[in-house]
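Numbering (the working numbering), first residue to last: 3 to 493.
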């Protein structure tokens, strides 16, 4: 290989990585020149399961069989209730929606090798959600007239363990009732002339409720013969007695035939629409649709559970533990530079440098459980970019960024700010304290119009009730974090 080619290769590497010889070389005494933007391969984002396959797997299951008790009573084709004491009952619902925000705040545990989200004891219930897709779960809930206790919630876990065991053999827990062959979204889609639900149709309160973007709703349930009611009008529609409510919009309710359930012998259908003309039109079609055979289902999803460690959110790596929907990318390891101007220009070219300058300090003071991710890496302004270190309990977070601006004056957030000095450098410290959360921002001037921004957030970890006191003293870790980063990269 020729010497010229070797020299050319070195020059190319330096052009891309910003070789400086370890010094802040300034041409003509001015600022360092900008570097070309560094582009890293995007992390692969987990993909959700086929919603048709998940719906098919859930629709064919018997909710009461999954509870494993002969005393369990169907409430709807895919929801079951079991009385467990005076003023206390347990329910199992197939296809309950669970947003990523709810998953983020719930206590994530491993039960029989499966991911499960727990909530409670709080308010008047405890519940467990067994995820079956990125959006839906099998929910096991316990409601009580008394304040729930940890012992109360332990019964939910025991039931959840039994349900997960039975889910491993779905063929032994198939629904036998004809009404269970339909789910609400399939029925609604067929009434609209569609062969299958689209992404715009979503289950509400499990498989037996469905909403349409135009405001149309369908619910399938079990009940008894209509009783006279002063707030409802009973009339004939499509050869059936229909009860009509007009509190808000128009609700129609009728019996589609026998349910096969002794305690609630009628198969009840409810349609909600903006106007009674829309409700009538939908009800007439639904009456015919539900009298016919259900459409062929997709191949059922199996297994339904997510194993421990298997992602159930469309977020890669550490981004799964970030509590916002800001654009996020797991940290791509890069070299950590030194010197304020050199750090700044590297950050401008590659936001991962924000993470690189803090990795060692975070590992030392917060521990190895904190994983870094870059947020808003393509944002135009540096102030909108950051590196956030997150952990799986979601009780603590640490963010770092370097920006081309002076520290925020203490007067911006009165009375939360105060002027400070860190390692001989001027800065501003802001504290925002709430009963169950705390955020501390530390802005340190590392050079003229170059600021190191640090933020430490505290909240109640997953699985901790609202009655727990916040460990506010933990925020003191921000100072040693700042000192280590300053000593290593800005001395």
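Ideal Cβ placement from N, Cα and C applies to all residues, glycine included.
Assignment of alpha helix (DSSP H) within the stretch 411–493, counting only whole runs of 4 or more residues, yields 480–491 in chain order. Under the DSSP assignment, residue 278 falls in the alpha helix (DSSP H) whose first and last residues are 278–293. Residue 174 counts as exposed, since fewer than 16 other C-beta atoms from the protein chains shown sit within 10 angstroms of its C-beta. Taking residue 182 as reference, the option from 261, 108, 149 and 227 with the minimal CA-CA separation is 261. Between the alpha carbons of residue 343 and residue 450 lies a gap of roughly 9 Å. For residue 344, the enclosing alpha helix (DSSP H) starts and ends at 342–351. Looking at the DSSP output, residue 139 shares a beta bridge with 98 and 133. Ranked by Cα distance from residue 396, the options 423, 465, 179 and 233 are led by 465.
Contact between residue 134 and residue 220 is ruled out by a C-beta separation of about 21 Å, above the 8 Å threshold. Residue 76 is bridged by DSSP to 82.
In this structure the stretch 76–90 does not lie against the stretch 112–127, because fewer than three pairs of beta carbons, one per stretch, are closer than 8 Å. Shown here for residue 139: same chain residues with a beta carbon closer than 7 Å to its own, the five before and five after excluded, namely 98, 100, 131, 132 and 133 in chain order. Residue 247 sits in a strand when the DSSP states are folded into three classes. Shown here, residue 124 sits in a strand according to DSSP, grouped into three states. The C-beta distance from residue 355 to residue 364 rounds to 15 Å, too long to fall under 8 Å, and the pair is not in contact. A direct Cα-Cα distance of roughly 13 Å separates residue 286 from residue 275. Rounded to the nearest angstrom, the Cβ distance from residue 188 to residue 297 is 7 Å, consistent with a contact under 8 Å. In the same chain as residue 474, and ignoring 5 residues on each side of it, the C-beta atoms closer than 8 Å to its own belong to 435, 440 and 460, in chain order. Here residue 389 is bridged, per DSSP, to 376 and 402. The way I'd put it, the stretch 326–335 doesn't touch the stretch 226–233; fewer than three beta-carbon pairs between them come closer than 8 Å.
Here DSSP, grouped into helix, strand and coil, assigns residue 151 to coil. Taking the Cβ atoms as the reference, residue 338 lies roughly 4 Å from residue 358, within the contact range of under 8 Å. At least 8 Å separates the beta-carbon of residue 63 from that of residue 110.
In the displayed model, residue 258 falls within a strand according to three-state DSSP.
The criterion of a C-beta distance shorter than 8 Å is not satisfied by residue 404 and residue 488. According to DSSP, residue 116 shares a beta bridge with 113 and 309. Ranked by how close their Cα comes to the Cα of residue 72, the residues 60, 61, 86 and 59 have 86 in first place. Sequence-distant Cβ neighbours of residue 151 in its own chain, meaning closer than 6 Å and more than five residues away, are 123. Going by C-alpha positions, residue 388 is about 50 Å away from residue 70. Per DSSP, the continuous beta strand (DSSP E) segment holding residue 268 begins and ends at 268–275. In this structure, the beta-carbon distance from residue 456 to residue 483 falls below 8 Å. In this model, residue 254 and residue 433 are separated by some 54 Å (Cα to Cα).
In the displayed model, residue 193 falls within a helix according to three-state DSSP.
The beta carbons of residue 193 and residue 288 sit closer together than 8 Å.
The residue from 478, 490 and 264 with its alpha-carbon nearest to that of residue 362 is 490.
Taking C-beta atoms under 8 Å as the contact rule, residue 242 and residue 58 fail to qualify, at a distance of about 29 Å.
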